[in-house]
Every structure is written in structure tokens, then in C-alpha cells.
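Below is one structure, written out as C-alpha cells; comments come after it.
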């Protein structure tokens, strides 16, 4: 009798336990096609499956509860939906996917100096959003570009840490660098111009690989890099991005937005970078990594005008102090022959803007200006540069 009661208890227990199971099945279609290859996943769980050759899917046994199901297929829009599974439920969910046109309709500036759809651009353009660079944090856009295939920042000076950007193997002077579609960075200041742009204020980076000199001049024989900054109307009120390394290489990006009445919106960004360690791991008496202290301030304004005409203006100021050389070098030896060191002071100012003329036709006036001052001392050799564009 005791064995019978034990057996009945086990049957009741197993039956009540099995009642918590449920299942999901259905069909995934795209237009008139029923053989869509799609992935079906319950978010934050291990339950996932795929459609068969006819577009059907079946999840198998799933524990009852509240879930969020996601249907994803390459080139088609992803669908996410909340579902509730009850005990012994056999839920049938059919999904009709639509074409994902976001990538095809991306707006780019690089092709024609004005926003156009990517498919209508005069030259093939690769677009990299800010999310791409957040996956591999770097202290500057110059270093972030090393993650792009075919684009290689090259270090030309191991002591002062200056370099240029190569596209498809061509030298740096053949790469044109622009900000918001304007040629604001010259060959003299490529590395300095890209080093101080706050990463948090970059909307996307457009890259043209290959000759584009017919559109942009002789500096674009190798290719073009166009940095698009964020629109103040579409940015968060405050953002901060700070990181450091075990070598105390510290970088801080701070951004903020504020309104001036109903007529203007301003975007303010601050970038600070500091690396002040004297490291000589190869014991050659010279610094392995250049010490740098840099601060950059960026301010962009958008003005509201009648008939939604565009008027935007941005300014940026940057100061940088970098040095490398003999590990015994100090500021007092700058420009002297006692102890060798390379010291570079850089001051840079930029102005860029666009104004839509009050005419019936859509006519744009784009303008930019830069002032670059550089005080460099390579041992006893001085290089003083003063460039205005």
C-alpha cells in the first residue's frame, strides 16, 4: 500500500510540473515568399530557433512566463513583441517581415557637399556611426580610424608621436580630411586636427576610398574622410565619457546642450587628454611613448529660421603640449643642446558654418576658416608654423 501511495504522489507531482510547459510555433513570410530564413529568439533566455525551408518554426517546450520575442532576418526589419505564455499554451504566432530600407536610404554628405541619399551619391561612401567607435574606445578620432579596413593612421615620428592617415596605401598628403563637408584640416595639421575632436560629438564618419580629386581637389587623390558632427537638436542634454588605462592614459569627453529662447540651440563639448608618464621599457634612454597634455573646446549653434531654412555655425579651439626624447629632459632644456628632447606647442582655432540664402531656390553658403600656430623644438632645431586657411 505504501508503494502505491508513493507512486501516485510521484505521478501527481510530475503532472503538475509538466503543466508549466508551453510552446510557440508559426510561419515567417516576406511578401509572397514563404521560405524566409529567420532567427527566432526569446530575449534574456537561452530559447532560440530558426525557420525551416518553408518558413515554419517551432520553439519546443518552454517554461510558462512573460517573454519578449525577436524575429530577425538579414536585410529585413527586425520585429520585437511582448508575449505571455500560460501553462500548456500552444501559441501560434505568424510574422510578416518588411524590407529594411534604412541602410539604403542613409544620408551622406561626402559625395556632393550636401546631404543626399547614399544611393544617389556621386562616389561610393562608407558610413561608420558613433556606435562603431564606442566598441573600441580611443582617446581621439585619429586612433579610432585604425579600426576601419583600408584606413591606416601611420606614426611618422616615434619621439614626438606625429603622423598622417593613409588610405589604400597612399601617403598622408593625398588624404583629404573634412569636418561637416568643409576642408577644415590641412596636410600640416592632420594629426593635430583630428586629435582634439570630442568623440561624443561625432554623429558619423564618412569615408571615400580611392580618387575623389575631381570633387575635392588634389589632396583627395587617395581618398576622403568626412567627420559629421551631431545636430544640437538631436543630442542629449548631458553626456560624459571618461576612461583611463593602467599607464594612466586619461581621456574625458563631456557634452551638453542648452537652448537660448526658441530661436537657437547650442551644443557644447569639451575634450581633455593627459598622458604624463616617462616610460623606457627598452632601456635606450629615450621615452617609449610621447607625453601629451591636450584640451579642446567645441561649440556648435543651430538657429531656427522661417520656412525651416538652415543656419548653423561651429567653433573649436585646441591647445596641446607634447614632448618626447631623453628621459632626463625637462622644460628648462627646451631648445638647448644639453639634453635632447622634442617639444611641440600647438594652438588651433576653427570656424565652420552653413547658411541657406533667403531665395526661392535652395542655395547654400558654406564657409570655414582655420588658424594653426605651432611652436616646435627638435633639440636645437626650431620649427615655427603659422598657417591660416
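Numbering (the numbering used here), first residue to last: 146 to 534. Quick reminder that beta carbons are idealized off the backbone N, C-alpha and C, glycines included.
Whose CA, out of 430, 191 and 503, lies closest to the CA of residue 473? 430
Considering residue 506, what are the terminal residues of the alpha helix (DSSP H) in which it resides? Residue 506: not part of any alpha helix (DSSP H); DSSP gives it neither H nor E.
Looking at C-alpha atoms only, which residue of 201, 231, 279 and 243 is the closest neighbour of residue 385? 279
What residues in its chain sit with their C-beta under 6 Å from that of residue 414, if we drop five residues either side in the sequence? 343, 346, 400 and 443
With DSSP as the reference, label residue 377 as helix, strand or coil. helix
Pairwise C-alpha distance: residue 253 and residue 270: 8 Å
Taking the straight line between their C-alpha atoms, what separation do you get for residue 163 and residue 175? Only weak support is given to the placement of residue 163: the predicted model assigns it a pLDDT of 48, under 50, and the value that follows is read from those uncertain coordinates. So the alpha carbons of these two residues sit roughly 36 Å apart.
What first and last residue would you give for the beta strand (DSSP E) that runs through residue 487? 486-501
Considering only C-alpha positions, which residue in the set 223, 463 and 292 is nearest to residue 495? 463
Which residue wins for smallest C-alpha separation from residue 519, given the options 513, 498 and 467? 467
Per the contact definition of three or more C-beta pairs closer than 8 Å, is the segment 481-492 in contact with the segment 509-527? yes
Using the beta-carbon count (16 or more within 10 Å), is residue 374 buried or exposed? buried
Residue of 380, 298, 449 and 266 minimising C-alpha distance to residue 357: 266
When you compare each of 240, 410 and 421 to residue 389 by their alpha carbons, which one comes out closest? 421
Drop a sphere of 10 angstroms on the beta-carbon of residue 229, count the other beta-carbons inside from all chains shown, and report buried for 16 or more, exposed for fewer. exposed
Proximal residues to residue 470 (C-beta, below 7 Å), its chain only, five neighbours per side dropped: Same-chain partners within the cutoff: 304, 431, 432, 485, 486 and 487.
Bridge partners for residue 217 per DSSP, in chain order? 184
Looking at the strands, I want to know which residues DSSP matches up with residue 261. 253
CB-CB under 8 Å to residue 423, same chain, minus the five flanking residues each way: which ones, in chain order? Answer for residue 423: 432, 436 and 472, listed in chain order.
Which same chain residues end up closer than 6 Å to residue 290 when comparing Cβ atoms and leaving out the 5 residues on each side of it in sequence? 296 and 298
Could you tell me the boundaries of the alpha helix (DSSP H) in which residue 357 lies? It is not in any alpha helix (DSSP H) - residue 357 carries neither H nor E in the DSSP assignment.
Does DSSP put residue 242 in a helix, a strand or coil? coil
Rounding to the nearest angstrom, what Cα-Cα distance links residue 465 and residue 360 in this structure? Roughly 33 Å between the two C-alpha positions.
By the 10 Å Cβ neighbour count, where 16 or more other Cβ atoms means buried, how is residue 367 classified, buried or exposed? Buried.
Run through the DSSP bridge pairs and tell me what residue 103 is partnered with. Examination of residue 103 is not possible in this model, given that the chain is present from 146 through 534 alone.
Tell me, which residues are paired with residue 468 by DSSP? 436 and 488
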